[in-house]
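I have placed the structure first, in the form of structure tokens, so that the comments after it can refer back to it.
Protein chains: 2
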Amino acid sequence: MNRQILLKSRPIGMPTEDNFEITDAPEPKLTQDDGVILESRFISVDPYMRGRMSDAKSYVPPYQVGEPISGGIIAEVLESNDESLKAGDFVLGNLPWTERQTAKVDTLKKVDDSLAPLGYYLGILGMPGLTAYFGLLDIGRPEAGETVVISGASGAVGSVVGQIAKMKGCHVVGIAGSDEKIRYMIDELNFDEGINYHKTSDMQQSLDVVCPYGVDVYFDNVGGEISDAVLTFINNEARIVICGQISMYNATEQPVGPRPQTLLLKRSALMQGFIVRDYADRFDEGIKTLAKWLKEGKLTYRQTVTHGFENLPKAFLGLFKGENIGKYLVEL
Amino acid sequence: MNRQILLKSRPIGMPTEDNFEITDAPEPKLTQDDGVILESRFISVDPYMRGRMSDAKSYVPPYQVGEPISGGIIAEVLESNDESLKAGDFVLGNLPWTERQTAKVDTLKKVDDSLAPLGYYLGILGMPGLTAYFGLLDIGRPEAGETVVISGASGAVGSVVGQIAKMKGCHVVGIAGSDEKIRYMIDELNFDEGINYHKTSDMQQSLDVVCPYGVDVYFDNVGGEISDAVLTFINNEARIVICGQISMYNATEQPVGPRPQTLLLKRSALMQGFIVRDYADRFDEGIKTLAKWLKEGKLTYRQTVTHGFENLPKAFLGLFKGENIGKYLVEL
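Residue numbers (numbering that gives the first Met the number 0), protein chains in the order written: chain S, 0 to 331; chain D, 0 to 331.
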């Protein structure tokens with residue numbers, strides 16, 4: 000039996016398991032165009048996917064109701080009629096959530112499980128790692144001695160951002176939603192400070208304690224009230240990197256809040272949205288550098304892995320509950 | 000009799016004439032330090048001065064209650080003990096609102112009234128012209144064929160921004176508050192389109208008509224709901240130049256509105272605040288280029304001039320009522 004997961008209906012507000020449907024899929028057969036049969040091994044769940052479940056205009060086209068969800072997958076080649084890939088090879092692709100499927104060889108990238116654990120290619124050596132790398136270095140441009148604040152700091156992107164900022168000699172403050180995450184950031188990732196936003200009655204006051212010299216770079220994964228508080232601390236010429244706004248993704252009405260423009264004006268500050276695809280022509284540089292840092296022990300990395308194809312919807316929903324430390328993956 | 004204008008009290012909300020006080024000032028006398036006696040000829044009123052009337056932290060220090068307002072002034076040298084300046088010369092300085100005063104020679108810049116009318120050094124060849132030049136070219140980075148929208152488009156800065164954008168081959172849309180201003184932008188400044196926001200019941204719809212290809216650069220002088228509407232039209236990799244937020248300057252509570260972060264994220268867009276001082280090391284380049292364009296007839300320029308020292312507060316307040324077309328000055 001082969002299974003796939005479809006978008007059953009578009010969520011209004013927070014998605015639920017009812018928005019997904021597991022159905023049978025035909026067994027894949029090689030064709031002229033589709034030169035390989037793949038078996039999914041690791042499937043990535045990412046916050047940006049929430050955007051694709053709606054039909055609003057965004058940087059990636061929406062999923063279609065009745066069609067499979069798709070995203071980053073590491074798969075094993077079962078059969079191949081292409082000389083560049085053979086059975087037993089592993090590949091990375093943007094693929095439908097299906098257990099076994101055919102694919103066009105030129106849409107896949109071969110990955111080497113002797114260089115890094117397979118899941119890493121969906122995390123620190125994949126989209127989240129590159130997002131951290133380019134967002135921080137190209138937009139945030141941290142300099143030694145500056146203060147870098149990260150929201151969603153223990154996640155797949157934030158955990159890498161903070162470690163790179165530490166390498167650059169910055170004072171690094173991570174904001175996350177549990178004491179376990181704060182311990183992880185400080186004990187394992189070497190961040191300077193952590194704020195558990197669930198345990199803080201006054202975010203401004205908490206930030207005031209840990210950012211005595213203001214904030215030079217704010218790497219924002221969450222948006223909303225946490226960001227409102229951080230923004231009041233920005234220094235002159237601060238850089239605010241808008242990487243994600245997970246607290247807003249399930250909003251059913253246009254979110255309102257303090258207008259940031261006057262503050263940007265008063266501080267000559269920059270606020271820049273981006274997606275990693277903006278840097279597609281520099282991916283090789285990014286992966287090479289991240290792999291080097293990982294090998295040298297300058298980056299540590301953790302992933303949260305759930306097992307079972309049928310648990311994909313649950314894992315995805317867990318992202319919005321903050322269940323994961325580091326990259327969240329489903330292993331099949 | 001010599002007069003000066005003091006900040007009598009800090010305004011709450013919209014300033015009134017009661018926040019200012021005209022008092023006698025002593026007749027100036029040369030000293031060792033203050034090598035010239037000046038008589039003010041043109042005094043600039045600018046929206047940013049509203050910020051200095053409050054005591055909130057901003058990019059320029061607040062005015063002090065009981066002390067003179069200060070700002071850009073073109074003055075004539077009456078007496079000088081410094082060989083670099085002689086009686087009859089004209090200078091530009093950041094000076095207190097006083098009819099006659101002494102000044103340190105090294106805080107003044109000599110200006111040449113044979114090259115341009117004196118008032119121009121407070122406008123197109125001064126702070127507003129440089130603000131337009133650097134804000135548009137360095138942050139907005141318009142390219143031929145792109146759509147540039149300007150709010151406060153008929154003012155000292157906006158009128159120059161739009162003309163430079165036209166030089167760059169852009170589709171230029173100006174937003175202003177009267178039909179006379181719209182005619183000025185289209186007939187004299189050669190903008191492509193104008194929207195009178197007072198006569199538009201639906202800003203979104205008006206923008207939709209004149210921005211069929213979306214908005215690539217938004218040069219924002221006003222903020223608030225006009226900007227909310229423009230932002231919904233931004234294209235991928237749009238640049239939003241935060242130059243002013245005049246609609247917010249008199250707010251007595253933290254202004255709230257639609258959060259722009261999600262839109263910046265979806266469009267990989269940049270929002271950058273700045274003040275012209277950020278470009279101080281390139282002022283010579285800017286003035287030289289603006290003067291050249293002016294001489295070649297590529298830039299046209301208009302100023303609104305009120306007469307009489309005692310009318311300074313009224314002129315300043317007029318900025319918030321949209322009384323001016325182009326730079327607003329008081330001539331003595």
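Beta carbons are placed, not taken as given, at the ideal position from N, Cα and C, and that holds for glycine. In this text, all values refer to a predicted model and were calculated from it rather than measured experimentally.
In three-state DSSP terms, what is residue i?
{"i": "Y217 (chain S)", "result": "strand"}
{"i": "E78 (chain S)", "result": "strand"}
{"i": "Y300 (chain S)", "result": "coil"}
{"i": "E252 (chain D)", "result": "coil"}
{"i": "R51 (chain S)", "result": "helix"}
{"i": "L264 (chain S)", "result": "helix"}
{"i": "N234 (chain D)", "result": "strand"}
{"i": "Y183 (chain D)", "result": "helix"}
{"i": "Q203 (chain D)", "result": "helix"}
{"i": "F89 (chain D)", "result": "strand"}
{"i": "Y196 (chain D)", "result": "helix"}
{"i": "Q23 (chain D)", "result": "As written in the sequence, residue 23 (chain D) is Asp, which differs from the Gln given in the question. Reduced to three states, the DSSP call for D23 (chain D) is strand."}
{"i": "S158 (chain D)", "result": "helix"}
{"i": "T288 (chain D)", "result": "helix"}
{"i": "F308 (chain D)", "result": "helix"}
{"i": "V59 (chain S)", "result": "coil"}
{"i": "E142 (chain S)", "result": "coil"}
{"i": "Y327 (chain D)", "result": "strand"}
{"i": "E38 (chain D)", "result": "strand"}
{"i": "M166 (chain D)", "result": "helix"}
{"i": "T15 (chain S)", "result": "coil"}
{"i": "G71 (chain D)", "result": "strand"}
{"i": "S153 (chain D)", "result": "coil"}
{"i": "R258 (chain D)", "result": "coil"}
{"i": "T106 (chain S)", "result": "helix"}
{"i": "G272 (chain S)", "result": "strand"}
{"i": "I115 (chain S)", "result": "The sequence as given places Ala at residue 115 (chain S); Ile does not occur at that position. Coil, per DSSP."}
Which residues in chain D have a C-beta closer than 7 Å to the C-beta of residue i? List them in chain order.
{"i": "G256 (chain S)", "result": "V255, R258"}
{"i": "M202 (chain S)", "result": "Correct list: empty, because the minimum Cβ distance to chain D is about 15 Å."}
When the cut-off is 8 Å and only beta carbons count, does residue i lie next to chain D?
{"i": "I181 (chain S)", "result": "no"}
{"i": "G87 (chain S)", "result": "no"}
{"i": "L129 (chain S)", "result": "no"}
On the premise that residue j lies in contact with residue i, defined as a C-beta separation below 8 Å, what is that separation, rounded to the nearest angstrom?
{"i": "N337 (chain D)", "j": "R49 (chain D)", "result": "Outside the shown range of chain D, which is 0 to 331, sits residue 337 (chain D), and nothing can be said about it."}
{"i": "Y278 (chain D)", "j": "L129 (chain D)", "result": "7 Å"}
{"i": "D112 (chain S)", "j": "F89 (chain S)", "result": "6 Å"}
{"i": "K167 (chain S)", "j": "P141 (chain S)", "result": "5 Å"}
{"i": "L91 (chain S)", "j": "K108 (chain S)", "result": "5 Å"}
{"i": "P211 (chain D)", "j": "R99 (chain D)", "result": "Between R99 (chain D) and P211 (chain D) the Cβ distance is about 56 Å, and since that is not below 8 Å, they are no contact."}
{"i": "L209 (chain D)", "j": "V172 (chain D)", "result": "Per the sequence shown, the amino acid found at residue 209 (chain D) is Val instead of Leu. Rounded, the Cβ-Cβ distance is 5 Å, consistent with contact."}
{"i": "L37 (chain D)", "j": "E75 (chain D)", "result": "7 Å"}
{"i": "N323 (chain D)", "j": "G151 (chain D)", "result": "The pair is not a contact, with the Cβ atoms about 10 Å apart (cut-off 8 Å)."}
{"i": "I241 (chain D)", "j": "Q271 (chain D)", "result": "6 Å"}
{"i": "I286 (chain S)", "j": "L124 (chain S)", "result": "6 Å"}
Which term fits residue i, buried or exposed, when burial requires 16 or more other beta carbons within 10 angstroms of its beta carbon?
{"i": "L398 (chain S)", "result": "Residue 398 (chain S) lies beyond the stretch modelled for chain S, which goes from 0 to 331, so this question has no answer here."}
{"i": "H197 (chain D)", "result": "exposed"}
{"i": "K165 (chain S)", "result": "buried"}
{"i": "G65 (chain D)", "result": "exposed"}
{"i": "M370 (chain D)", "result": "Since the first and last residues shown for chain D are 0 and 331, residue 370 (chain D) lies out of range."}
{"i": "R258 (chain D)", "result": "buried"}
{"i": "Q203 (chain S)", "result": "exposed"}
{"i": "R266 (chain S)", "result": "buried"}
{"i": "H306 (chain S)", "result": "exposed"}
{"i": "N18 (chain D)", "result": "buried"}
{"i": "A55 (chain D)", "result": "exposed"}
{"i": "I72 (chain S)", "result": "buried"}
{"i": "S43 (chain D)", "result": "buried"}
State yes or no: is the beta carbon of residue i nearer than 8 Å to at least one beta carbon in chain S?
{"i": "G222 (chain D)", "result": "yes"}
{"i": "G404 (chain D)", "result": "With chain D represented from 0 up to 331, any question about residue 404 (chain D) goes unanswered, as that position is not in the structure."}
{"i": "M52 (chain D)", "result": "no"}
So with CB distances below 9 Å, who are the chain S contacts of residue i?
{"i": "S267 (chain D)", "result": "Y58, Q271, G272, F273, I274, R276, D277"}
List, in chain order, every chain S residue whose beta-carbon is nearer than 7 Å to that of residue i.
{"i": "I241 (chain D)", "result": "Q260, L263, L264"}
{"i": "Q334 (chain D)", "result": "Since the first residue shown for chain D is 0 and the last is 331, residue 334 (chain D) is missing from the structure and cannot be characterised."}
What does residue i touch in chain S if you count any residue whose Cβ is under 8 Å from its own?
{"i": "M48 (chain D)", "result": "Going along chain S, no residue has its Cβ under 8 Å from M48 (chain D), so there is no contact; the nearest lies around 14 Å."}
{"i": "M247 (chain D)", "result": "R258, Q260, T261"}
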